[in-house]
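Accompanying notes for the structure given below.
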Amino acid sequence: MRLRLKPRDTSVLSLLSDQAKLLPVGAEILAQVVGSAPAARVALAEQMRDAEHQADEATHAILRRVNETFVTPFDRDDIYELASRLDDCMDYMEEVADLIVLYRLGELPAGVVAQVGVLQRCAELTAEAMPRLSTMKNLREYWVEINSLENEGDRTHRRLISDIFDGQTPAGSDPIAIMKIKEIADNLEAAIDAFETAANAVETIVLKEA
Amino acid sequence: MRLRLKPRDTSVLSLLSDQAKLLPVGAEILAQVVGSAPAARVALAEQMRDAEHQADEATHAILRRVNETFVTPFDRDDIYELASRLDDCMDYMEEVADLIVLYRLGELPAGVVAQVGVLQRCAELTAEAMPRLSTMKNLREYWVEINSLENEGDRTHRRLISDIFDGQTPAGSDPIAIMKIKEIADNLEAAIDAFETAANAVETIVLKEA
Amino acid sequence: MRLRLKPRDTSVLSLLSDQAKLLPVGAEILAQVVGSAPAARVALAEQMRDAEHQADEATHAILRRVNETFVTPFDRDDIYELASRLDDCMDYMEEVADLIVLYRLGELPAGVVAQVGVLQRCAELTAEAMPRLSTMKNLREYWVEINSLENEGDRTHRRLISDIFDGQTPAGSDPIAIMKIKEIADNLEAAIDAFETAANAVETIVLKEA
């Protein structure tokens, strides 16, 4: 292994901001997938795959940079954790867009639209918060709001699942249609949870520095 | 960021004990939910939400205390991990109680009662073990018993799922009823796994100190 | 706690290699379960349980050795993480074998056979890679290939789920049969993900040493 000069490098933070900027893009495409007619969804899911691919590359750029840098702004493991959790957020959103196309779903229930609305707000808050890691200021409000959105998402999800099983959605009482829409709802819930896990990673970083 | 005197503080351990004491309370409420008639479940699920809320506050008190303390009794990350995993145990139990009400389930199969029995024993063992972190003595028996309970829970879960699919439960052969009861069984299994993950976190702490 | 001389000990690496060698054994048994007639599966699932039990013991041997050793070749937490993730790979494979028997499934769809093929390649690559941790050479190709297999597995899984819901598998359009086969497909996907998580743990170790 060759020796390498490892300079102190805060540009890891700008890479994290770049990565996080892709999240509202992905959330917006997902909202379009949900709101579109089935025929228009194929092209949108393709856009989503591109966004997810860009996010993957942004994640790997961060992991490489952390490795090349001797003094990182925070604990190396905490940066790995945060970058990986931001990557999860995009992965879940991409999976939902793909499943909606694969399952050839028609109209989606209002609860799904509400879940995607929560995701869009999570993505905006996360993208706005990451640049504040450079000063470590005003981050508490970010994770408090994400936790509150996660609670809202959780309530939305439980109500939706109850409606699905009660035949109160476009899936009606067809078991196969119910399984499909439940899978969508569960993956959206997992996406919202991923935003909370990323916010927890930020909280850990901030508390350690306090 | 203001400077702050950070004293060595073992009271993190008493906060962990306080948090863990809520787990048998939650497990007992869950057992009552499972054993009650549907009409009585609504009020019990409300009690469960309160217990989960208290557990949330206990978790945050630990994370804040760890942060205010310069010399923690163990590795800071290990305390974060343990507190977060104990929090997961309560979250899963609360979710099950809520789903039983939301799905308007009637009589529950014996396998579900057995899973909740495993959870009650896990919760008792965990609450009894946490105070022993101050001396680090007699903890091995705790994680060995939890691992053995997790194995028992796993066998119970697999048999239950097989019975559910075979129409051998109150859900009969109605696909929607089967999906609901399977969701309950899977979340109970996740709750039991969460207790094992918490026990693994304790094992990690103890092995590092050995 | 008694004092103990903790020698530098690279034999942790040979224990990791021993643990990883069990993975292709498990993957091969799983392939046989999938390819066999139902009557032959019971004995094979029993073999699988034995392999999983051996893997458990190998994992615990690693955790004990890490603890007895003062200077481990890598960060202690990273070895714990890698050993635990390798253990997960076997656990998921064992669960699939057991579920196939419990659910009394007949012929399995081609997509399941394809998923198990991906698992076999993951297991082989992982077993071959672990001994290279002693020199830290030629490991990049391992995690790059695992990531690529995980992508292949993900595509296979999504196509399979879509086929299952479309009635294009031996499960036909029977909701209960569909739920069972979907559970198998989802657990196989989780097994493949577990191999990727283990490869990420190796990547973390290698990048830290670079």
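Residue numbers (the UniProt record's numbering), protein chains in the order written: chain W, 1 to 210; chain U, 1 to 210; chain B, 1 to 210. Glycine included, C-beta positions come from ideal geometry on N, C-alpha and C.
Collapsing the DSSP output to three states places U/S162 in a helix.
For W/L86, the secondary structure class from DSSP, reduced to helix, strand or coil, is helix.
Contact annotation for U/D78 against chain W: no contact, minimum CB-CB distance about 13 Å [criterion: below 9 Å]. At least one beta carbon of chain W lies nearer than 8 Å to the beta carbon of U/K180. Distance from U/M93 to U/A191 at the Cβ level is roughly 5 Å; contact confirmed, criterion being Cβ atoms closer than 8 Å. For the beta strand (DSSP E) assignment, the region 29-105 of chain B encloses no uninterrupted run of at least 3 residues.
In this structure, the alpha-carbon of B/S84 lies about 16 Å from that of B/A51. Assignment of U/S148 by DSSP, reduced to helix, strand and coil, places it in the helix class. Counting only Cβ-Cβ distances below 7 Å, B/P170 has no contacts in chain W at all, with the closest Cβ about 16 Å away. Between the region 117-128 of chain U and the region 195-207 of chain U there are three or more C-beta pairs closer than 8 Å, enough to call the two in contact. Annotation: Cβ neighbours of U/D98 in chain W (cutoff 8 Å, chain order): R158.
In this structure, W/F74 sits away from U/I176, with a CB-CB distance that is not shorter than 8 Å.
Note on W/K137: under 16 other CB atoms within 10 angstroms of its CB, so exposed under the neighbour-count rule. Under the criterion of beta carbons closer than 8 Å, B/G106 and B/P38 qualify as touching, at roughly 6 Å. Scanning W/T135, W/Y80, W/H53 and W/K180 for the CA closest to the CA of W/R104 turns up W/K180.
Taking a cut-off of 8 Å for Cβ pairs, the region 60-70 of chain U and the region 145-157 of chain U do not touch, as fewer than three such pairs fall below it.
Within chain U, no residue has its CB atom less than 7 Å from the CB of B/I161, the nearest being about 16 Å off.
Here W/T135 is exposed: its Cβ has fewer than 16 other Cβ atoms, across all protein chains shown, within 10 Å. U/T197 is outside the set of residues whose beta carbon lies under 8 Å from a beta carbon in chain B.
With contacts defined as CB atoms closer than 8 Å, W/E183 and W/L99 qualify as a contacting pair.
Spanning the alpha carbons of B/L188 and B/V112 requires a straight line of approximately 8 Å.
Listed along chain B, no residue sits closer than 7 Å to U/T69 by beta-carbon distance, the nearest being about 21 Å off.
Where U/D186 is concerned, the enclosing alpha helix (DSSP H) starts and stops at P175 to E209. Taking 8 Å as the threshold, the shortest C-beta distance from U/T126 to chain B does not fall below it. Taking the C-beta atoms as reference points, W/V101 is found no nearer than 8 Å to W/V34. In the three-state scheme derived from DSSP, where H, G and I count as helix and E and B as strand, U/L108 is classed as coil.
With contacts defined by Cβ atoms closer than 8 Å, W/M90 and W/L133 do not form a contacting pair.
Ranked by Cα distance from U/E145, the options U/V66, U/V96, U/V71 and U/E203 are led by U/E203.
Residues of chain B whose Cβ lies closer than 7 Å to the Cβ of W/L23 do not exist; the shortest such Cβ separation is about 20 Å. Per DSSP, reduced to three states, the secondary structure at W/M130 is helical. Taking C-beta separations shorter than 7 Å and ignoring five residues to either side along the sequence, the partners of U/V206 in its chain run M136 and L139, following chain order.
Not a single CB atom of chain W sits nearer than 8 Å to the CB of U/I62. At a cut-off of 8 Å between beta-carbon atoms, U/L102 makes contact with chain W. Residue-level contact check: U/P175 touches chain W, since one or more beta carbons of chain W fall below 8 Å from its beta carbon.
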